[in-house]
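Visitor: I'd like to ask you about the structure that follows.
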Amino acid sequence: MSMIRVTLLAVFVINIASVFAQDEPAAKNIFRGMYIEPKAAKVKQLERGLADHMVKHHPADGWQIMVWSVETGKRVGQYFYHSTAHSWEDFDTRVISPRDDPHWQKYVMAYTEKVGPNEFWRFLPDVSILGEKDISKSEANLYHIRAGGQKDFIEFMAKLKPALQETGDPYSYGVYIKESGGYIPVISIEGYMEGWKDMEPFSTDVYEAMANKYGEEEANDMFDKVYTTIKWVDNEVLTLRLDLSTQME
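Residue numbers for the sequence shown, in this note's numbering: 1 to 249.
Now the structure itself:
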């Protein structure tokens with residue numbers, strides 16, 4: 001199994017039995033993340049600081065962290081820094097080394113223009129499709145939903161999943177809902193990619209898949225309903241930076 005696939009397993013399906021039991025208090029489906037903007041001309045220093053911080057304070061058998069470079073969109077040039085999957089209680093019981101914050105301040109924050117917002121996201125496995133591909137990039141589509149519209153949006157995603165699976169195309173994506181941090185509700189659909197080549201459209205598009213599964217009339221009704229829930233969408237492509245992340249064994 002490749003290092004990238006091992007990493008993806010650590011990020012998205014840690015304790016997968018617990019993740020799927022979302023009604024259990026100990027479900028490990030919560031991710032904490034933030035964006036880091038480097039100071040001008042300080043990218044190399046920041047990256048050295050992040051890499052060193054991972055080795056010293058986020059080992060594979062500890063509080064694991066993944067880092068991505070933002071390649072497109074309004075945050076291009078920034079980094080997305082996030083934990084792997086945890087329960088809410090884990091954030092209360094985590095023991096942080098007294099040397100962690102001083103190291104972070106000296107070797108990371110010293111080269112950082114801005115950090116934030118600090119966000120919590122919940123993974124929704126029942127409406128996600130986790131493929132077998134080795135992941136090096138992710139296309140994130142962040143749907144900013146009208147108040148109360150998240151139920152209809154998630155119901156649409158539940159209908160979409162079997163329709164896409166029946167196409168035979170290698171769809172692979174995770175669905176997350178923001179729990180806290182800035183505007184809510186936001187639902188993020190993360191399309192997992194091996195490389196830029198995966199930006200090419202599949203043989204069957206989303207509408208065609210839904211029409212084939214449910215008929216054109218019902219598909220039209222479902223699309224009309226979900227469109228009314230959306231205020232706006234942000235899009236960005238991110239590249240997984242294993243060199244700046246917890247080193248998985």
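The beta carbon of each residue, even a glycine, is placed where N, CA and C say it ideally should be.
The model shown is predicted, which means the values in this text are computed figures rather than measured ones.
Which residues does DSSP pair with threonine 239 in a beta bridge?
Guide: Ser69, Lys137
Visitor: Quick check for students: name the residue ranges of the beta strand (DSSP E) that lie wholly in the region 24 to 64, counting only runs of 3 or more.
Guide: 30 to 38
Visitor: The beta strand (DSSP E) with histidine 82 in it runs from where to where?
Guide: 79 to 83
Visitor: Can you tell me which of Arg94, Val108, Ser172 puts its alpha carbon nearest to the alpha carbon of proline 125?
Guide: Ser172
Visitor: Would you check if the distance between the CB atom of proline 185 and the CB atom of glycine 215 is smaller than 9 Å?
Guide: no
Visitor: If you draw a straight line from the C-alpha of leucine 130 to the C-alpha of glutamine 45, how long is it?
Guide: Spanning the two alpha carbons is a distance of roughly 35 Å.
Visitor: Please report the Cβ distance between serine 83 and tryptophan 63, rounded to the nearest whole angstrom; I am assuming they are in contact, meaning their Cβ atoms lie under 8 Å.
Guide: 7 Å
Visitor: Let me make sure I understand the geometry here. Which of Asp92, Gln105, Lys28, Pro162 has the alpha-carbon closest to that of histidine 53?
Guide: Gln105
Visitor: Can you give me the C-alpha to C-alpha distance between methionine 199 and isoleucine 96, rounded to a whole angstrom?
Guide: The C-alpha of isoleucine 96 is placed about 40 Å away from the C-alpha of methionine 199.
Visitor: For glutamate 139 and methionine 193, which I take to be in contact (beta-carbon distance under 8 Å), what is that distance rounded to the nearest angstrom?
Guide: 6 Å
Visitor: Where does lysine 151 fall in DSSP's three states?
Guide: In the structure shown, lysine 151 sits in a helix (DSSP, three-state: H, G or I).
Visitor: In whole angstroms, what separates the C-alpha of alanine 110 from that of asparagine 29?
Guide: 32 Å
Visitor: Compare the beta carbon distance of glycine 181 and asparagine 118 with 9 Å and say whether it is the shorter of the two.
Guide: yes
Visitor: Here's the rule: buried if 16 or more other CB atoms are within 10 angstroms of the residue's CB, otherwise exposed. What is arginine 94?
Guide: exposed
Visitor: Please identify the residue among Phe91, Arg75, Ile177 whose C-alpha is closest to the C-alpha of tyrosine 35.
Guide: Arg75
Visitor: Please report the residue range of the alpha helix (DSSP H) in which threonine 228 lies.
Guide: Premise fails: threonine 228 is in no alpha helix (DSSP H) and is neither H nor E.
Visitor: Indicate the three-state DSSP secondary structure (helix, strand or coil) for valine 76 in the structure shown.
Guide: coil
Visitor: Taking the alpha carbon of tyrosine 143 as the point to measure from, which residue in Leu50, Ile230, Ala40 has its own alpha carbon closest?
Guide: Ile230
Visitor: Have a look at lysine 151 and arginine 48 and give me their C-alpha separation to the nearest angstrom.
Guide: Whole-angstrom Cα-Cα distance: 43 Å.
Visitor: If you check the beta carbons only, do valine 70 and leucine 238 fall under 9 Å apart?
Guide: yes
Visitor: Would glycine 248 and alanine 60 qualify as a contact pair, given that the criterion is a beta-carbon distance under 9 Å?
Guide: Per the sequence shown, the amino acid found at residue 248 is methionine instead of glycine. Yes, the Cβ-Cβ distance between methionine 248 and alanine 60 is below 9 Å.
Visitor: Mind checking proline 102: buried by the 16 CB within 10 Å criterion, or exposed?
Guide: exposed
Visitor: Does DSSP put glutamate 132 in a helix, a strand or coil?
Guide: coil
Visitor: Please report how far the alpha carbon of phenylalanine 223 lies from the alpha carbon of lysine 39, in whole angstroms.
Guide: 43 Å
Visitor: From Arg241, Gln165, Thr112, Val206, pick the residue whose C-alpha is nearest to that of alanine 41; which is it?
Guide: Thr112
Visitor: How far does the alpha helix (DSSP H) with threonine 112 in it reach, from first residue to last?
Guide: Premise fails: threonine 112 lies in the beta strand (DSSP E), 112 to 115, not in any alpha helix (DSSP H).
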